[in-house]
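Participant: Please read through the structure below; I'll follow up with questions.
Protein chains: 2
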Amino acid sequence: MKKIITISREFGAGGAKIGKAVAERLGYYYMDKDMIIKSAMESSSITADEFSKWDEKVPHNFGFGQSLFDFYNKPLNEKLFEAQKEAIKKVAEKGNCVIVGRNANVVLKEFDAALHVFITSSTYWKLQNLKGLMPEVSEEKILNQMKSIDKARAKYCSYYTDTEFGKAEFYDLCLKSSDLGIEKCVDIICDIAK
Amino acid sequence: MKKIITISREFGAGGAKIGKAVAERLGYYYMDKDMIIKSAMESSSITADEFSKWDEKVPHNFGFGQSLFDFYNKPLNEKLFEAQKEAIKKVAEKGNCVIVGRNANVVLKEFDAALHVFITSSTYWKLQNLKGLMPEVSEEKILNQMKSIDKARAKYCSYYTDTEFGKAEFYDLCLKSSDLGIEKCVDIICDIAK
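Chains B and P are the protein sequences, given in the same order.
For what it's worth, the numbering used here labels the leading residue of the first sequence as 277, then goes sequentially.
For what it's worth, the numbering used here labels the leading residue of the second sequence as 277, then goes sequentially.
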């Protein structure tokens, strides 16, 4: 029985939808990025402004010149990451939960009875999915957003953890929603969890 | 209904065992690396010696100095890769098959009704598994072999395809055999294939 399910996902691949459906079917508590941030803010001294400024970012020089590391901003970044980590752990300790985003698979890697899932999808499918969710935005803008959000997630992942975003070895299960369908993804996750 | 199942795998993760069990349960034809090579040799002028020399290798300078590319050996490498590609396609065209190894997921990416699977596993599990299969070999040697074979596979993959070994986006389904167990992996694949 898997008491904790974490879902990491590409932008637009349907990870949140799958996570919500899994939580509903199993009667589990659902926690997404916004709820993690809210909980982290409540238990720390970080302001909403600071959060929006640093959310899912890494110090400017990361990947270009570690020696030029932005020491001024580092403490706030770390504080932000730590606060989110604590928020995730607090929920995981109670069990029976689905947690979407924020490298919860790495934060909870020492927890037993956890199932770590990654949701990927073809670019075409993600584009259609996102067009349905934001019909007023142009295809070009959506494609750019897809690229930049996943790039930020990958950077955030490799900066704060010793893992790589979307690499199979760091998850128990990776599913391509565009090929399997949302419903089948939910079925597979629930079946393994039981 | 998935008529073609390809399985890519880390060394020692149980990919061949899973593939064989899936083929047996679904009544599919099973083709592994050795059978691909045999078929490729039969339909080409490549000798067994040439095969063993170049198998799962890339030209020496790959990744170090593309400009120093080993032109002399390139044709044989390409010929070897092409012959294996044709062998994989020949089997896939008949359908109802499980193909393990040799980047079959990329070779067959245009084929409909294909399910592309990657099998990963914890290092500890792979070591235990391989110790069972080759009890006379020391742990150290097995660990070195694991590292070098997967490194060669990753290099072979990125040299001959525009994909990355073990990255979720290039497969429909990635399973961690050490967490899910061989039997569950077989169940999930067969369930999706049906």
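Glycine included, each C-beta is placed from N, C-alpha and C at the ideal position.
(1) Is P/CYS450 close to chain B, meaning its C-beta is less than 8 Å from at least one C-beta of that chain?
(2) Note down, in chain order, every chain B residue with its Cβ under 8 Å from the Cβ of P/GLU386.
(3) Can you tell me where the alpha helix (DSSP H) with P/SER453 in it begins and where it stops?
(4) How big is the Cα-Cα spacing for B/LYS427 and P/MET317?
(5) P/LEU344 CB to nearest chain B CB: under 8 Å?
(6) Can you tell which of P/ALA359, P/TRP401, P/ILE322, P/ASN381 has its C-alpha closest to the C-alpha of P/GLU440?
(7) Kindly provide the ranges of any alpha helix (DSSP H) runs that are 4 or more residues long and lie completely inside the segment 349 to 398 of chain P, ordered along the chain.
(8) Quick one: which chain B residues come within Cβ less than 8 Å of P/LYS460?
(9) So, with DSSP's three-state summary, where would you put B/ILE322?
(10) Say whether the segment 378 to 396 of chain B touches the segment 443 to 455 of chain B, bearing in mind that this needs 3 or more beta-carbon pairs closer than 8 Å, one atom from each stretch.
(11) Note down the Cα distance separating P/THR399 from B/VAL374, rounded to an integer number of angstroms.
(12) Which of the three DSSP states is assigned to P/SER284 in this structure?
(13) Counting only C-beta atoms, is B/PHE394 closer than 8 Å to chain P at any point?
(14) What would DSSP say about B/MET277, mapped onto helix, strand or coil?
(15) Using 8 Å as the cut-off, can you tell me whether the segment 282 to 300 of chain P makes contact with the segment 448 to 465 of chain B, which would need three or more C-beta pairs spanning the two stretches below that distance?
(16) Using a Cβ cut-off of 9 Å, pull out every chain B residue sitting near P/LEU464, in sequence order please.
(17) Looking at B/GLY291 and B/VAL383, is the spacing between their C-beta atoms short of 8 Å?
(18) DSSP on B/LYS443, reduced to helix/strand/coil?
(19) Please classify P/MET410 as buried or exposed, where buried requires at least 16 neighbouring CB atoms within 10 angstroms.
(20) Interface residues of chain B around P/ASP438 at Cβ under 9 Å?
(21) Determine, for B/ALA444, whether the minimum Cβ-Cβ distance to residues of chain P falls below 8 Å.
(22) Is it the case that the Cβ atoms of P/LEU406 and P/ILE418 are separated by a distance below 8 Å?
(23) Under DSSP, the beta strand (DSSP E) around B/TYR305 begins and ends at which residues?
(24) Would you grab the beta carbon distance between B/ALA359 and B/SER320 for me? Rounded to a whole angstrom, and I think it's under 8 Å.
(25) For P/CYS466, which of P/GLU326, P/ASN372, P/GLY288 has the nearest alpha-carbon?
(26) Quick check: what's the CA-CA separation for B/LEU403 versus B/LYS309?
(27) In whole angstroms, give me the CA-to-CA distance for B/SER315 and B/ASP388.
(28) Where does the unbroken alpha helix (DSSP H) through P/GLU415 begin, and where does it stop?
(29) Whose C-alpha, out of B/ALA324, B/PHE357, B/TRP401, B/SER414, is nearest the C-alpha of B/TYR435?
(30) Give every residue of the same chain whose Cβ lies closer than 8 Å to the Cβ of B/GLU326, excluding the five residues on either side of it in the sequence, and list them in chain order.
(31) Taking the continuous alpha helix (DSSP H) assigned at P/LYS293, which residues delimit it?
Facilitator: Quick look at the numbers:
(1) Here the question's residue 450 of chain P lines up with position 174 in the second sequence. Yes, its Cβ sits closer than 8 Å to a Cβ of chain B.
(2) As a position in the second sequence, residue 386 of chain P is number 110, starting the count at 1. Those do not exist, as P/GLU386 stays about 13 Å from chain B at its closest Cβ, beyond 8 Å.
(3) For this step, residue 453 of chain P is matched to residue 177 along the second sequence. Judged by DSSP secondary structure, P/SER453 falls within the alpha helix (DSSP H) whose first and last residues are 453 to 456.
(4) For this step, residue 427 of chain B is matched to residue 151 along the first sequence. For this step, residue 317 of chain P is matched to residue 41 along the second sequence. Near 43 Å, if we compare the C-alpha coordinates of P/MET317 and B/LYS427.
(5) Sequence index remark: in the second sequence, residue 344 of chain P carries index 68 (1-based). With a pLDDT of 40 at P/LEU344, under the threshold of 50, the predicted position of this residue should be treated as unreliable, and no value is reported.
(6) For the purposes of this step, residue 440 of chain P is identified with residue 164 of the second sequence, where counting begins at 1. Measuring from the Cα of P/GLU440, the nearest candidate turns out to be P/ASN381.
(7) With a minimum length of 4 residues, the continuous alpha helix (DSSP H) runs that stay inside the segment 349 to 398 of chain P are 350 to 370, 380 to 383.
(8) Mapped onto the second sequence, residue 460 of chain P falls at position 184. Chain B residues near P/LYS460: ILE468.
(9) What you label residue 322 of chain B is simply residue 46 of the first sequence in a count that begins at 1. Here DSSP, grouped into helix, strand and coil, assigns B/ILE322 to coil.
(10) At 8 Å Cβ cutoff, the stretches touch.
(11) To locate residue 399 of chain P, count along the second sequence from 1; it is residue 123. To locate residue 374 of chain B, count along the first sequence from 1; it is residue 98. Roughly 27 Å separates the two Cα atoms.
(12) Against the second sequence, residue 284 of chain P aligns to sequence position 8. It is a strand residue.
(13) Start at 1 with the first residue of the first sequence, and residue 394 of chain B comes out as number 118. Answer yes: the Cβ-Cβ gap between B/PHE394 and chain P drops below 8 Å somewhere.
(14) By 1-based counting over the first sequence, the position of residue 277 of chain B is 1. Coil, per DSSP.
(15) Flag = no, the segment 282 to 300 of chain P and the segment 448 to 465 of chain B do not touch.
(16) To locate residue 464 of chain P, count along the second sequence from 1; it is residue 188. As written in the sequence, residue 464 of chain P is Ile, which differs from the Leu given in the question. In chain order: LEU449, ILE464, ASP467, ILE468.
(17) Position 107 of the first sequence, counting from 1, holds the residue named residue 383 of chain B. Position 15 of the first sequence, counting from 1, holds the residue named residue 291 of chain B. For B/VAL383 and B/GLY291, no; Cβs fall outside 8 Å.
(18) Residue numbering aside, residue 443 of chain B sits at position 167 when the first sequence is read from its first letter. B/LYS443: strand per DSSP, three-state reduction.
(19) Start at 1 with the first residue of the second sequence, and residue 410 of chain P comes out as number 134. Its Cβ having fewer than 16 others within 10 Å, P/MET410 is exposed.
(20) As a working mapping, residue 438 of chain P is identified with position 162 in the second sequence. The contacting residues do not exist; P/ASP438 stays about 14 Å from chain B at best.
(21) Locating residue 444 of chain B in the first sequence gives position 168, where the first residue counts as 1. Taking Cβ atoms only, chain P reaches closer than 8 Å to B/ALA444, which makes this a yes.
(22) Sequence index remark: in the second sequence, residue 406 of chain P carries index 130 (1-based). Sequence index remark: in the second sequence, residue 418 of chain P carries index 142 (1-based). Less than 8 Å divides the Cβ of P/LEU406 from the Cβ of P/ILE418.
(23) Counted from its first residue, the first sequence places residue 305 of chain B at position 29. First-last of the beta strand (DSSP E) with B/TYR305: 305 to 307.
(24) If you number the first sequence from 1, residue 359 of chain B lands on position 83. If you number the first sequence from 1, residue 320 of chain B lands on position 44. About 4 Å separates the two Cβ atoms, so the contact holds.
(25) Here the question's residue 466 of chain P lines up with position 190 in the second sequence. Closest by alpha carbon: P/ASN372.
(26) Numbered from its first residue, the first sequence carries residue 403 of chain B at position 127. Numbered from its first residue, the first sequence carries residue 309 of chain B at position 33. Pairing B/LEU403 with B/LYS309, the inter-Cα distance amounts to about 21 Å.
(27) In the first sequence, counting from the first residue as 1, residue 315 of chain B sits at position 39. In the first sequence, counting from the first residue as 1, residue 388 of chain B sits at position 112. Their backbone Cα atoms lie some 23 Å apart in a straight line.
(28) Taking the first residue of the second sequence as position 1, residue 415 of chain P is located at position 139. In this chain, the alpha helix (DSSP H) harbouring P/GLU415 covers 415 to 436.
(29) For the purposes of this step, residue 435 of chain B is taken as residue 159 along the first sequence, with counting starting at 1. Selected option, being the one with the closest Cα: B/PHE357.
(30) Here residue 326 of chain B is taken as the residue at index 50 of the first sequence, counted from 1. Answer for B/GLU326: LEU352, LEU356, listed in chain order.
(31) For the purposes of this step, residue 293 of chain P is taken as residue 17 along the second sequence, with counting starting at 1. From DSSP, the alpha helix (DSSP H) with P/LYS293 extends over 291 to 302.
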